[in-house]
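First the structure, in the form of C-alpha coordinates, and then the observations on it.
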Amino acid sequence: MTTVVIIVAVVLVAALALLLVRSRGTGGRGLRHRFGPEYDRTVARHDGDTKAAEHELSERVKLHGSLTERPLRPEAREAYALRWAEVQEQFIDSPREAVVEADALLAQLAQDRGFPGADSFEEQTAALSVHHAEQVDGYRRVHTAVRGQGGTEEMRKALIESRALFDVLLADAPGETDRTDRNDRTDRHETKGSAAA
(Lines of atoms letter the chains of each structure in order from A; the text may use other names.)
(Lines give C-alpha, C1' and ligand atoms only; values in the text may rest on other atoms or scores of the structure.)
Protein backbone atom coordinates (compact mmCIF):
# COMPACT_ATOMS: atom_id res chain seq x y z
CA MET A 0 0.00 0.00 0.00
CA THR A 1 2.79 2.46 0.85
CA THR A 2 4.50 1.61 -2.42
CA VAL A 3 1.37 2.67 -4.36
CA VAL A 4 1.17 5.94 -2.42
CA ILE A 5 4.84 6.66 -3.10
CA ILE A 6 4.43 5.93 -6.82
CA VAL A 7 1.34 8.15 -7.05
CA ALA A 8 3.17 10.94 -5.20
CA VAL A 9 6.19 10.68 -7.52
CA VAL A 10 3.95 10.77 -10.60
CA LEU A 11 2.09 13.83 -9.27
CA VAL A 12 5.34 15.66 -8.47
CA ALA A 13 6.72 14.82 -11.93
CA ALA A 14 3.52 16.03 -13.60
CA LEU A 15 3.57 19.30 -11.65
CA ALA A 16 7.25 19.82 -12.47
CA LEU A 17 6.57 19.22 -16.16
CA LEU A 18 3.64 21.62 -16.10
CA LEU A 19 5.74 24.28 -14.40
CA VAL A 20 8.59 23.90 -16.90
CA ARG A 21 6.18 24.07 -19.84
CA SER A 22 4.40 27.17 -18.57
CA ARG A 23 7.70 28.98 -18.03
CA GLY A 24 9.39 27.76 -21.19
CA THR A 25 6.64 28.48 -23.70
CA GLY A 26 5.90 32.06 -22.65
CA GLY A 27 8.27 33.59 -25.18
CA ARG A 28 7.83 30.85 -27.77
CA GLY A 29 4.07 30.99 -27.36
CA LEU A 30 4.02 34.75 -27.77
CA ARG A 31 6.45 34.58 -30.70
CA HIS A 32 4.19 32.05 -32.40
CA ARG A 33 0.99 33.96 -31.64
CA PHE A 34 2.26 37.39 -32.68
CA GLY A 35 4.69 36.48 -35.47
CA PRO A 36 6.16 39.66 -37.00
CA GLU A 37 4.43 41.73 -34.32
CA TYR A 38 6.62 39.99 -31.72
CA ASP A 39 9.78 41.04 -33.58
CA ARG A 40 8.49 44.59 -34.04
CA THR A 41 7.73 44.87 -30.31
CA VAL A 42 11.15 43.50 -29.33
CA ALA A 43 12.79 46.03 -31.66
CA ARG A 44 10.69 48.83 -30.16
CA HIS A 45 12.01 47.76 -26.74
CA ASP A 46 15.62 47.89 -28.04
CA GLY A 47 15.98 44.11 -27.98
CA ASP A 48 14.63 43.68 -24.43
CA THR A 49 12.61 40.50 -24.93
CA LYS A 50 11.39 40.48 -21.33
CA ALA A 51 9.84 43.96 -21.70
CA ALA A 52 8.39 43.08 -25.10
CA GLU A 53 6.89 39.83 -23.81
CA HIS A 54 5.41 41.69 -20.84
CA GLU A 55 3.77 44.18 -23.22
CA LEU A 56 2.43 41.44 -25.47
CA SER A 57 1.14 39.46 -22.49
CA GLU A 58 -0.69 42.56 -21.29
CA ARG A 59 -2.26 42.97 -24.72
CA VAL A 60 -3.51 39.39 -24.57
CA LYS A 61 -4.94 39.98 -21.07
CA LEU A 62 -6.69 43.17 -22.19
CA HIS A 63 -7.93 42.12 -25.62
CA GLY A 64 -7.66 38.33 -25.85
CA SER A 65 -11.27 37.71 -24.89
CA LEU A 66 -12.61 40.18 -27.46
CA THR A 67 -15.12 38.54 -29.78
CA GLU A 68 -15.38 39.98 -33.25
CA ARG A 69 -18.89 40.99 -34.23
CA PRO A 70 -20.05 39.73 -37.61
CA LEU A 71 -20.91 42.21 -40.33
CA ARG A 72 -24.28 42.17 -41.98
CA PRO A 73 -24.07 41.27 -45.69
CA GLU A 74 -25.11 44.78 -46.77
CA ALA A 75 -22.42 46.34 -44.55
CA ARG A 76 -19.85 43.95 -46.02
CA GLU A 77 -20.88 44.98 -49.54
CA ALA A 78 -20.71 48.67 -48.65
CA TYR A 79 -17.20 48.29 -47.23
CA ALA A 80 -16.06 46.34 -50.30
CA LEU A 81 -17.46 49.07 -52.55
CA ARG A 82 -15.76 51.82 -50.53
CA TRP A 83 -12.42 49.97 -50.72
CA ALA A 84 -12.76 49.65 -54.50
CA GLU A 85 -13.41 53.40 -54.64
CA VAL A 86 -10.27 54.03 -52.55
CA GLN A 87 -8.21 52.01 -55.00
CA GLU A 88 -9.65 53.92 -57.96
CA GLN A 89 -9.12 57.24 -56.17
CA PHE A 90 -5.45 56.42 -55.63
CA ILE A 91 -4.74 56.94 -59.34
CA ASP A 92 -5.72 60.62 -59.25
CA SER A 93 -5.31 61.48 -55.55
CA PRO A 94 -2.94 59.13 -53.71
CA ARG A 95 -2.88 61.11 -50.45
CA GLU A 96 -6.68 61.39 -50.26
CA ALA A 97 -7.02 57.68 -51.02
CA VAL A 98 -4.64 56.76 -48.19
CA VAL A 99 -6.53 59.07 -45.80
CA GLU A 100 -9.77 57.36 -46.80
CA ALA A 101 -8.21 53.88 -46.42
CA ASP A 102 -7.02 54.78 -42.92
CA ALA A 103 -10.49 55.99 -41.91
CA LEU A 104 -12.14 52.99 -43.55
CA LEU A 105 -9.94 50.50 -41.69
CA ALA A 106 -10.54 52.30 -38.40
CA GLN A 107 -14.31 52.20 -38.89
CA LEU A 108 -14.34 48.59 -40.07
CA ALA A 109 -12.30 47.50 -37.05
CA GLN A 110 -14.67 49.37 -34.75
CA ASP A 111 -17.71 47.82 -36.44
CA ARG A 112 -16.17 44.38 -35.90
CA GLY A 113 -15.92 45.08 -32.15
CA PHE A 114 -12.40 46.41 -31.72
CA PRO A 115 -11.78 49.57 -29.66
CA GLY A 116 -12.78 52.80 -31.38
CA ALA A 117 -10.69 54.75 -33.82
CA ASP A 118 -10.33 57.60 -31.33
CA SER A 119 -7.40 55.67 -29.83
CA PHE A 120 -5.26 54.33 -32.67
CA GLU A 121 -2.75 52.74 -30.27
CA GLU A 122 -5.43 50.84 -28.35
CA GLN A 123 -7.14 49.79 -31.57
CA THR A 124 -3.93 48.46 -33.11
CA ALA A 125 -2.99 46.73 -29.83
CA ALA A 126 -6.31 44.86 -29.89
CA LEU A 127 -5.99 44.12 -33.60
CA SER A 128 -2.48 42.77 -33.03
CA VAL A 129 -3.82 40.16 -30.60
CA HIS A 130 -6.29 38.83 -33.17
CA HIS A 131 -4.66 39.73 -36.50
CA ALA A 132 -0.94 40.00 -35.77
CA GLU A 133 0.06 39.06 -39.31
CA GLN A 134 -1.96 41.88 -40.88
CA VAL A 135 -1.92 44.79 -38.41
CA ASP A 136 1.35 46.33 -39.60
CA GLY A 137 -0.20 47.27 -42.95
CA TYR A 138 -2.74 49.38 -41.06
CA ARG A 139 0.09 51.06 -39.14
CA ARG A 140 1.84 51.84 -42.44
CA VAL A 141 -1.27 53.47 -43.88
CA HIS A 142 -1.75 55.45 -40.67
CA THR A 143 1.88 56.60 -40.83
CA ALA A 144 1.58 57.48 -44.53
CA VAL A 145 -1.38 59.72 -43.74
CA ARG A 146 0.70 61.68 -41.24
CA GLY A 147 4.01 61.61 -43.10
CA GLN A 148 5.45 63.20 -46.15
CA GLY A 149 6.10 59.93 -47.97
CA GLY A 150 5.99 59.78 -51.71
CA THR A 151 3.47 58.06 -53.91
CA GLU A 152 5.41 54.78 -53.90
CA GLU A 153 5.39 54.60 -50.08
CA MET A 154 1.67 55.33 -50.05
CA ARG A 155 1.06 52.66 -52.70
CA LYS A 156 2.95 50.05 -50.67
CA ALA A 157 1.10 51.05 -47.51
CA LEU A 158 -2.25 50.75 -49.26
CA ILE A 159 -1.36 47.33 -50.67
CA GLU A 160 -0.18 46.04 -47.28
CA SER A 161 -3.24 47.38 -45.48
CA ARG A 162 -5.47 45.40 -47.83
CA ALA A 163 -4.61 42.21 -45.92
CA LEU A 164 -6.18 43.58 -42.72
CA PHE A 165 -9.15 44.90 -44.66
CA ASP A 166 -9.73 41.46 -46.18
CA VAL A 167 -9.51 39.60 -42.88
CA LEU A 168 -11.83 42.08 -41.14
CA LEU A 169 -14.28 41.93 -44.02
CA ALA A 170 -14.34 38.11 -44.00
CA ASP A 171 -17.37 36.23 -42.77
CA ALA A 172 -17.60 35.13 -39.18
CA PRO A 173 -17.03 31.38 -38.68
CA GLY A 174 -20.13 29.37 -39.55
CA GLU A 175 -21.58 32.19 -41.63
CA THR A 176 -19.42 31.76 -44.74
CA ASP A 177 -21.56 29.37 -46.81
CA ARG A 178 -24.83 31.24 -46.33
CA THR A 179 -23.34 34.67 -47.07
CA ASP A 180 -21.35 33.47 -50.09
CA ARG A 181 -24.50 31.96 -51.60
CA ASN A 182 -26.41 35.19 -51.00
CA ASP A 183 -23.63 37.27 -52.51
CA ARG A 184 -23.50 35.05 -55.60
CA THR A 185 -27.28 35.16 -55.96
CA ASP A 186 -27.36 38.94 -55.74
CA ARG A 187 -24.65 39.24 -58.38
CA HIS A 188 -26.42 36.82 -60.74
CA GLU A 189 -29.75 38.58 -60.30
CA THR A 190 -28.16 41.91 -61.11
CA LYS A 191 -26.43 40.51 -64.18
CA GLY A 192 -29.49 38.54 -65.23
CA SER A 193 -31.84 41.49 -64.96
CA ALA A 194 -29.51 43.62 -67.08
CA ALA A 195 -29.34 40.94 -69.75
CA ALA A 196 -33.07 40.25 -69.83
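Residue numbers for the sequence shown follow numbering that gives the first Met the number 0, so the first one is 0 and each next one is one higher. All residues carry an ideal CB built from backbone N, CA and C; glycine is no exception. Nothing here was measured: the structure is a model prediction, and the numbers come from that model.
In this structure, His142 sits near Asp102, with a CB-CB distance shorter than 8 Å. The straight-line gap separating the alpha-carbon atoms of Ala52 and His63 is approximately 16 Å. In summary, Met0 is exposed, with fewer than 16 beta-carbon neighbours lying within 10 Å of its beta-carbon over all protein chains present.
Within the stretch 54-140, the complete alpha helix (DSSP H) segments of 4 residues or longer fall at 73-92, 94-111, 120-130, listed in chain order. Note on geometry: alpha-carbon atoms of Glu96 and Ala106 lie some 15 Å from one another. In this structure, the CA atom of Ala13 is about 57 Å from the CA atom of Val98. Asp39 sits in a helix when the DSSP states are folded into three classes. In the three-state DSSP reduction, Ala170 falls in the coil class, being neither helix nor strand. Around the beta carbon of Ser119, a 10 Å sphere encloses fewer than 16 other beta carbons of the protein chains shown; the residue is thus reported as exposed.
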